[in-house]
Amino acid sequence: MRKTFADLHLRLNVRDHATALRVITKAAALGYRLIAVPFPPETHRDEVTKLKAVCSEAKIDFASRIDLRPRTQNELMHQLRRLRRKFEVICVACENKEVARQAAKDHRVDLLNFPLLDFRRRFFDRAEAELASNSLAALEIDIKPLLVLEGPARIRFLSSLRREAAIARKFHVPLVISSGVSEAKLLRRPREMAALTFLFGLDEASALKAVSHNPVAIVKRNREKLSAKFVAPGIRVIKEGKDC
Amino acid sequence: MKRVKRRYLALQVDSDGLPSQKEFMDAVWNAVTKLYGEYGASLTSMALIDYDVKKNTVVIRTSLATVDLVRTSLASITSVADKEAAVHVLAVSGTIKALRNKVRE
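In the order they appear, the protein sequences are chains A and B.
So for the first sequence, our numbering puts the first residue at 1006; every next one is plus one.
So for the second sequence, our numbering puts the first residue at 156; every next one is plus one.
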């Protein structure tokens, strides 16, 4: 069966229509069938609809995403309550340990993201992984730094990723590999993204899963939850009317 | 002596200007050396087989054991001859004939 490849982190400027169209068309040409673009929290519905139309023109599925950057646990809970039902993918950028732990145990969080270059603030340790494995949150790794960094910075980044990937594997935390790019030239084919993950110890099967099955499963699960027919996990309305 | 198995990779160069053969191969060797060092690069037995200027496609050869290493290095290329570029792998095959068939498909 053909794999559906997804990139859940395309950083597009929604107002720059031409660039957005170029990047989306390129993503479709490279073999992606699903992309997600992060929007600011106060985004108007029209902007999301507009981008959705651009994606359907390029014959690529689109998921709306929001990146939350709360400073405290309470702020995170407040933002989740406010935004969970508005976006298909929710990612939490964990800037401190308190937020990281809360995000890992909250069922409403889909992706955990850590500061790329501040290696002391990458809080994905065994405790974090254990919480994340119980709540279905996935660890998101952006490929962009691997392309743009060089020398000691890339060495340190790879070493952090190797440690985090090993912890994620041990605790069965799903990995999601995203591009995190805003330019078409930095986009890579899904299999090339998988090849780059060999640098931090992923095998081919898990690398391909991280660019296909894992991100697609997150979007599918959330679309089901956001649909009008969803009642509770495992329960949904299949027929309505007098003859039921 | 055991025969060394090889793989041929068809590549597409996505660049603003068209680099020369030498510039392209320099970029590939640089990427391999940066990621895996000179020892790793020496294991690849990489060679340029064909460089089609019109189609922007390149065929290179490498040993089977280092295909993943070469793929990773190719994906990490962001510039060729100081111009922004990306190198995409179109197909991988054991013979040039099969490779050409795969690319045509």
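We treat Cβ as the ideally placed atom computed from N, Cα and C, and that holds for glycine.
Every value quoted in this text rests on a predicted model; they were computed, and no experiment measured them.
Closer than 8 Å to chain A by CB, residue i
i	result
leucine 104/B	Coverage of chain B is limited to positions 156 through 260, which leaves residue 104/B absent and any answer about it impossible.
arginine 162/B	no
threonine 199/B	no
valine 244/B	yes
Neighbouring residues, chain A, relative to residue i (Cβ below 8 Å)
i	result
serine 231/B	Leu1151, Leu1152, Leu1201
Residue from the options whose Cα sits closest to the Cα of residue i
i	options	result
tyrosine 209/B	Val168/B, Ala236/B, Tyr191/B	Reading off the sequence, residue 209/B comes out as lysine, not tyrosine. Comparing Cα positions, the closest option is Val168/B.
valine 1019/A	Leu1035/A, Leu1117/A, Ala1041/A	Ala1041/A
serine 1164/A	Phe1203/A, Ala1222/A, Glu1209/A	Phe1203/A
aspartate 1012/A	His1022/A, Phe1124/A, Pro1043/A	Pro1043/A
isoleucine 1146/A	Leu1136/A, Arg1127/A, Glu1155/A	Arg1127/A
arginine 1193/A	Val244/B, Ser218/B, Val235/B	Val244/B
serine 226/B	Arg158/B, Asn256/B, Ile215/B	It should be pointed out that residue 226/B corresponds to arginine in this sequence rather than to serine. Checked all of Arg158/B, Asn256/B, Ile215/B; the closest Cα to arginine 226/B is Ile215/B.
alanine 1158/A	Pro1045/A, Leu1121/A, Leu1180/A	Leu1121/A
aspartate 171/B	Lys1190/A, Arg1196/A, Phe1010/A	Lys1190/A
valine 1153/A	Leu1035/A, Val1186/A, Pro1179/A, Val1104/A	Val1186/A
alanine 1068/A	Glu1093/A, Arg1087/A, Ala1058/A	Glu1093/A
alanine 1132/A	Leu1116/A, Arg1113/A, Ala1108/A	Ala1108/A
arginine 1087/A	Arg1113/A, Asn1101/A, Cys1099/A	Arg1113/A
proline 174/B	Tyr191/B, Ala241/B, Met156/B	Ala241/B
serine 1138/A	Asp1115/A, Phe1124/A, Pro1150/A	Asp1115/A
leucine 229/B	Asn185/B, Arg161/B, Arg162/B	Asn185/B
alanine 1212/A	His1177/A, Ala1199/A, Cys1099/A	Ala1199/A
threonine 188/B	Ala253/B, Ala246/B, Leu224/B	Leu224/B
leucine 1144/A	Ala1105/A, Gly1156/A, Leu1151/A, Phe1124/A	Ala1105/A
lysine 1149/A	Ile1182/A, Ile1095/A, Lys1244/A, Asp1123/A	Ile1182/A
arginine 158/B	Val247/B, Val222/B, Leu254/B, Ser218/B	Ser218/B
valine 213/B	Leu203/B, Glu260/B, Asn256/B, Ala253/B	Leu203/B
Minimum Cβ-Cβ distance from residue i to chain B less than 8 Å
i	result
lysine 1008/A	no
arginine 1193/A	yes
glutamate 1103/A	no
glutamate 1197/A	yes
Amino acids of chain B, ordered along the chain, whose beta-carbon sits closer than 8 Å to that of residue i
i	result
lysine 1190/A	Asp169, Thr233, Glu239, Ala240, Ala241
Chain-ordered chain A contacts of residue i [CB-CB under 7 Å]
i	result
aspartate 223/B	Ala1200, Phe1203
threonine 227/B	Ala1200, Leu1201, Phe1203, Leu1204
Chain B residues whose Cβ lies nearer than 9 Å to that of residue i
i	result
arginine 966/A	It is not possible to answer for residue 966/A, since the shown part of chain A is limited to 1006 through 1249.
For the segment 1205-1214 of chain A against the segment 1169-1178 of chain A, do three or more pairs of beta-carbon atoms, one drawn from each stretch, fall closer than 8 Å, so that the two count as touching?
yes
Between the segment 176-189 of chain B and the segment 229-239 of chain B, are three or more C-beta pairs nearer than 8 Å?
yes
Counting pairs of beta carbons, one from the segment 1212-1222 of chain A and one from the segment 1043-1055 of chain A, are three or more of them closer than 8 Å?
no
Decide yes or no for the touch test of the segment 1025-1038 of chain A against the segment 1059-1078 of chain A: beta carbon pairs closer than 8 Å, at least 3 of them.
yes
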